[in-house]
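Participant: Quick note on numbering: our numbering labels position 204 of the sequence shown as 1549, and the sequence is numbered without any gaps.
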Amino acid sequence: MTTSKMHLLPPKLNLEMVAAELDLPQFSMTSQLEAILHQQREGNLVLKSSVPIDCNAQETLDGLDEEYNANGDLLLLSRGKNAWIETRGKPHILGPACFSGDSLITIRSFTFEEKEYYPLDEPGMHPVWLSYNISDIYVERANLEDVVARGFEELPAYADPEGEHYAPELALAVRIHESLRVKNEVSPQLGMYDRVVKWLIKNQPEGAASADQIKRLSYVVGYGKRLHSHKISKKTIG
1346 MTTSKMHLLP PKLNLEMVAA ELDLPQFSMT SQLEAILHQQ REGNLVLKSS
1396 VPIDCNAQET LDGLDEEYNA NGDLLLLSRG KNAWIETRGK PHILGPACFS
1446 GDSLITIRSF TFEEKEYYPL DEPGMHPVWL SYNISDIYVE RANLEDVVAR
1496 GFEELPAYAD PEGEHYAPEL ALAVRIHESL RVKNEVSPQL GMYDRVVKWL
1546 IKNQPEGAAS ADQIKRLSYV VGYGKRLHSH KISKKTIG
């Protein structure tokens, strides 16, 4: 549909309607969702929900404490600056989202009343993931109109999980490279390994990468760059 006819659409569109307006392929719900989430992660589409959130949470700006156990597994803990958040059905914005299968989308952070939060469990105060059914997520018509008017880059073949050319680690490396090397996100004062870890914590809610994968990603993304900071024991994420 052209932007001139979009005024005929409702103010809020579910993801099926969004896929139709973006002329996404009809052969796979997974491909459609990945294409929509690609536009969200690129900063084009803003995914919202009015599903009530009722949990302890910490502002993302405060950061998280990062520790490693004896097996080398990454452990994350709240830095203690947290509060109980109740959205009471008011709209909130989903953070970087991933499709988890079974019609579920998972996020690690959300924005409510102009503040971004990590949801936390209790009593351990570890960051947790929030899951949404795709039927509970919407895009505002004005946002979609803007995306269509500006144009957008389609989901690359290597990033389509349903395609024959799907390469998940390549897709991940490209996303990280765009954020860290092109947009210079995440403190450049840190080594590349630490920057990749911090990026993964916020942008990969479906699960942490292994230490070996983080090392590979660091070399690919940061070729010729310092891979490690001088911090060794305890680091801060945020």
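Cβ coordinates follow ideal geometry from the N, Cα and C atoms, glycine included.
Report yes if the C-beta distance between Phe-1455 and Leu-1439 is below 8 Å; otherwise report no.
Facilitator: A contact, by the Cβ cut-off of 8 Å.
Participant: With C-beta atoms as the reference, is Gln-1384 less than 8 Å away from Val-1492?
Facilitator: Their beta carbons are under 8 Å apart, which means Gln-1384 touches Val-1492 by this criterion.
Participant: What did DSSP end up calling Glu-1490 once you bin it into helix, strand or coil?
Facilitator: It is helical.
Participant: Reducing DSSP to helix, strand and coil, say where Leu-1358 ends up.
Facilitator: Strand at Leu-1358.
Participant: Spatial neighbours of Ser-1394 within its chain, please: CB distance less than 8 Å, with the 5 preceding and 5 following residues excluded, ordered by chain position.
Facilitator: Taken in chain order, the residues that qualify are Pro-1436, His-1437, Leu-1439, Tyr-1477, Asp-1481, Ile-1482 and Tyr-1483.
Participant: Is it buried or exposed for Ala-1494, if we count other Cβ within 10 angstroms and need 16 for buried?
Facilitator: Answer is exposed; the Cβ neighbour count stays below 16.
Participant: Should the region 1399-1407 be regarded as contacting the region 1422-1436, the criterion being three or more beta carbon pairs within less than 8 Å?
Facilitator: The region 1399-1407, when compared against the region 1422-1436, does touch it at the 8 Å Cβ threshold.
Participant: I think Tyr-1503 touches Leu-1515, with their Cβ atoms under 8 Å apart; what is that distance to the nearest whole Å?
Facilitator: Their Cβ separation, rounded to whole angstroms, is 5 Å, which keeps Tyr-1503 and Leu-1515 in contact under 8 Å.
Participant: How big is the Cα-Cα spacing for Leu-1500 and Pro-1506?
Facilitator: Taking the straight line from one Cα to the other gives about 10 Å.
Participant: Taking DSSP as the reference, what is the three-state secondary structure of Lys-1460?
Facilitator: DSSP places Lys-1460 in strand when its eight states are reduced to three.
Participant: What residues are listed by DSSP as bridge partners for Gly-1446?
Facilitator: The partner list for Gly-1446 (beta bridge, DSSP) reads Leu-1449.
Participant: Comparing C-alpha positions only, which one of Leu-1422, Leu-1525 and Ile-1452 sits nearest to Gln-1549?
Facilitator: It is Ile-1452.
Participant: Mind listing, in chain order, the continuous beta strand (DSSP E) runs of no fewer than 3 residues lying wholly within the region 1495-1560?
Facilitator: Qualifying beta strand (DSSP E) stretches: none in this window.
Participant: Helix, strand or coil for Ile-1479 per DSSP?
Facilitator: Helix at Ile-1479.
Participant: Val-1520 and Val-1531 look like a contact to me (Cβ under 8 Å); what is the Cβ gap, rounded to whole Å?
Facilitator: Going by the sequence as given, residue 1520 is Arg instead of Val. Between Val-1531 and Arg-1520 the Cβ distance is about 13 Å, and since that is not below 8 Å, they are no contact.
Participant: Where does Ser-1555 land, buried or exposed, given buried means 16+ other C-beta within 10 angstroms?
Facilitator: Ser-1555 is exposed by the Cβ-count criterion.
Participant: Indicate the three-state DSSP secondary structure (helix, strand or coil) for Leu-1421 in the structure shown.
Facilitator: Residue state, collapsed to three classes: strand.
Participant: For the beta strand (DSSP E) containing His-1437, name the first residue and the last one.
Facilitator: Run containing His-1437: 1437-1439, per the beta strand (DSSP E) assignment.
Participant: Let me know if Val-1566 comes out buried or exposed under the rule of 16 or more other beta-carbons within 10 Å of its beta-carbon.
Facilitator: It counts as buried.
Participant: I need the boundaries of the beta strand (DSSP E) containing Glu-1404, first residue and last residue.
Facilitator: Its beta strand (DSSP E) spans residues 1399-1404.
Participant: When the Cα atoms are used, what is the spatial distance from Arg-1486 to Leu-1475?
Facilitator: In a straight line, the C-alpha of Arg-1486 is about 25 Å away from that of Leu-1475.
Participant: For Phe-1457, which residues from the same chain have a beta carbon less than 6 Å from its beta carbon, with the 5 sequence-adjacent residues on both sides left out?
Facilitator: Around Phe-1457: Thr-1432 and His-1437.
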